[in-house]
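For the protein sequence lines, the chains are A and B, in the order given.
Letter by letter, the first sequence follows residues 1 to 103 of the working numbering.
Letter by letter, the second sequence follows residues 104 to 206 of the working numbering.
A short worksheet on the structure shown next.
Protein chains: 2
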Amino acid sequence: MEQTEVLHPKLKDITLEQVLKALGDPVRISAIKQLLAMKGEEKVCGTFDYSITKATFSHHLKILREAGLIRFRDEGTRRFVSLRLQDIKKRFPGLMEMLEKDL
Amino acid sequence: MEQTEVLHPKLKDITLEQVLKALGDPVRISAIKQLLAMKGEEKVCGTFDYSITKATFSHHLKILREAGLIRFRDEGTRRFVSLRLQDIKKRFPGLMEMLEKDL
Numbered sequence: 001m002e003q004t005e006v007l008h009p010k011l012k013d014i015t016l017e018q019v020l021k022a023l024g025d026p027v028r029i030s031a032i033k034q035l036l037a038m039k040g041e042e043k044v045c046g047t048f049d050y051s052i053t054k055a056t057f058s059h060h061l062k063i064l065r066e067a068g069l070i071r072f073r074d075e076g077t078r079r080f081v082s083l084r085l086q087d088i089k090k091r092f093p094g095l096m097e098m099l100e101k102d103l
Numbered sequence: 104m105e106q107t108e109v110l111h112p113k114l115k116d117i118t119l120e121q122v123l124k125a126l127g128d129p130v131r132i133s134a135i136k137q138l139l140a141m142k143g144e145e146k147v148c149g150t151f152d153y154s155i156t157k158a159t160f161s162h163h164l165k166i167l168r169e170a171g172l173i174r175f176r177d178e179g180t181r182r183f184v185s186l187r188l189q190d191i192k193k194r195f196p197g198l199m200e201m202l203e204k205d206l
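Structure, rendered in structure tokens:
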């Protein structure tokens, strides 16, 4: 089994509470908005715009991943990050639209 | 000026980030759902259902109030709590509907 498969919660295990908690942080909401601007395309981990250390930013991405909002895909030494747009839209209709309006 | 007036942020000062952060907690999301079930009516502070101390619960209500989600109205020794339903619906369309679906 690939490592990336165990890292991502299944759709049914994603809770609104954890999603809202994950989103309630300026760095994490910024990361989600940068991914929303990609319109579903993957973004290379190093290309995010942030003004904190890389380690701290990685920690924020981990919280978003554990909440079920984003997906990691590792290829060699590069990590690709994408929004679980369809999953989130299915699980919590209106949430992503709300963030898009706030872009 | 009444004390209750200074306690509540103006509509324009309510941020999505703070609202999401406030909602990302099991006690607070439960309180909001109990208020949603009141359909806009006020709820007496002591009638909420919670399994923590009163002081801790009050602290959670304070966070919800500061985020702009709820309103306090004190009358004698009783505190009435209500959801700022119209304000939230105006500021973040879809958010309360999402919580209602998750009731």
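Heads up, the beta-carbon is just placed ideally off N, CA and C, and yes, glycines get one too.
Buried versus exposed call for residue i [16 or more other C-beta atoms within 10 Å across all chains shown]
| i | result |
| --- | --- |
| K124 (chain B) | buried |
| R71 (chain A) | buried |
| A140 (chain B) | exposed |
| R84 (chain A) | buried |
| R131 (chain B) | buried |
| G68 (chain A) | buried |
| R65 (chain A) | buried |
| G127 (chain B) | buried |
| H247 (chain B) | Examination of residue 247 (chain B) is not possible in this model, given that chain B is present from 104 through 206 alone. |
| P95 (chain A) | Here residue 95 (chain A) is Leu; the residue named in the question, Pro, does not match the sequence. Classification for L95 (chain A): buried. |
| V6 (chain A) | Residue placement at V6 (chain A) is flagged as unreliable, the pLDDT there being 49, under the threshold of 50; the coordinate-derived value follows with that caveat. That one is exposed. |
| M104 (chain B) | Unreliable positioning characterises M104 (chain B) in this predicted model, as indicated by a pLDDT of 46, which lies under 50. The coordinate reading is nonetheless provided below. It counts as exposed. |
Terminal residues of the alpha helix (DSSP H) in which residue i lies
| i | result |
| --- | --- |
| I70 (chain A) | Note, I70 (chain A): premise wrong, no alpha helix (DSSP H); beta strand (DSSP E) at 70 to 75. |
| S82 (chain A) | Per DSSP, S82 (chain A) belongs to no alpha helix (DSSP H); it is in the beta strand (DSSP E), 78 to 83. |
| K124 (chain B) | 119 to 126 |
| K12 (chain A) | Careful: K12 (chain A) lies outside any alpha helix (DSSP H) and carries neither H nor E. |
| L109 (chain A) | Residue 109 (chain A) is absent from the model: chain A starts at 1 and stops at 103. |
| K101 (chain A) | 95 to 101 |
Start-to-end residues for the beta strand (DSSP E) that takes in residue i
| i | result |
| --- | --- |
| F57 (chain A) | Where F57 (chain A) is concerned, there is no enclosing beta strand (DSSP E), although the alpha helix (DSSP H) it sits in stretches over 54 to 67. |
Min CB distance residue i to chain B below 9 Å
| i | result |
| --- | --- |
| P26 (chain A) | yes |
| E66 (chain A) | no |
| D102 (chain A) | yes |
| V6 (chain A) | Legend: pLDDT at V6 (chain A) = 49, less than 50; position of this residue unreliable, no value from coordinates given. |
| D13 (chain A) | no |
| L69 (chain A) | no |
| E75 (chain A) | no |
| L99 (chain A) | yes |
Cβ of residue i within 9 Å of any chain A Cβ
| i | result |
| --- | --- |
| A125 (chain B) | yes |
| L119 (chain B) | yes |
| L164 (chain B) | no |
| M104 (chain B) | Per-residue confidence for M104 (chain B) stands at a pLDDT of 46, beneath the threshold of 50, marking its modelled position as unreliable; the derived number appears in the next sentence. No, its Cβ sits nowhere closer than 9 Å to a Cβ of chain A. |
| K113 (chain B) | no |
Any non-hydrogen atom of the ligand FMN closer than 8 Å to residue i Cβ
| i | result |
| --- | --- |
| K115 (chain B) | Of the ligands one can find in the structure shown there are none, so the ligand FMN has no counterpart to examine. |
Notebook entry, point to check: Along the segment 181 to 198 of chain B, what residues have a CB closer than 8 Å to any CB found in chain A?
Noted result: For the segment 181 to 198 of chain B, the beta-carbon criterion of a distance under 8 Å to any beta-carbon of chain A is satisfied by F195, P196, G197, L198.
Margin query: So, does the segment 48 to 57 of chain A touch the segment 4 to 19 of chain A, judging by three or more C-beta pairs under 8 Å?
Written below: no
Note to self: Three Cβ pairs or more, each shorter than 8 Å: is that satisfied between the segment 133 to 151 of chain B and the segment 186 to 202 of chain B?
What the structure shows: yes
Checklist line | Under 9 Å (Cβ pairs) to chain B, residues found in the segment 29 to 51 of chain A | finding: Look at the segment 29 to 51 of chain A: the residues with a C-beta under 9 Å from a C-beta of chain B are I29.
Notebook entry, point to check: Would you say the segment 169 to 186 of chain B touches the segment 144 to 151 of chain B, given that touching needs at least three Cβ pairs under 8 Å?
Noted result: Here the segment 169 to 186 of chain B makes contact with the segment 144 to 151 of chain B; the two share three or more CB pairs at distances below 8 Å.
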